[in-house]
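In our numbering, the protein residues as written are 72 to 165.
Note that beta-carbon positions come from the ideal geometry of N, C-alpha and C, so glycine has one too.
Quick caveat, the model's predicted, so the values are computed rather than measured.
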């Protein structure tokens, strides 16, 4: 994929385990920083096989981010059978 084509994308999707973090490991500070910078320009979705509690432990608890940017972050847990969005806290959409 050419870098020019990424500029046109509105949403960037990542897998949690093995992409943003090592499998079942905590989010590292440098990755959190990169995600904060990306959220300033794009919407971001993160998909993982674990339940929300695993996302909470592995990602949410380690991701310090301004509230206004969290509204651009979407969490799809349990292989996308559940969707969480930030609106005055993380809320389950489905």
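If you run the structure through DSSP and keep just helix, strand and coil, what is residue 130? coil
Backbone secondary structure at residue 155 - three-state DSSP: strand
So, under 8 Å CB-CB, residue 142 and residue 157 are touching, yes? Tell me the CB distance rounded to an integer number of Å. In this structure, residue 142 and residue 157 form a Cβ contact; the two beta carbons are roughly 6 Å apart against a cut-off of 8 Å.
With residue 141 as the anchor, note down where its alpha helix (DSSP H) starts and where it stops. 138-141
From the DSSP output, in three-state form, read off residue 82 for me. strand
For residue 162, which three-state DSSP category applies? strand
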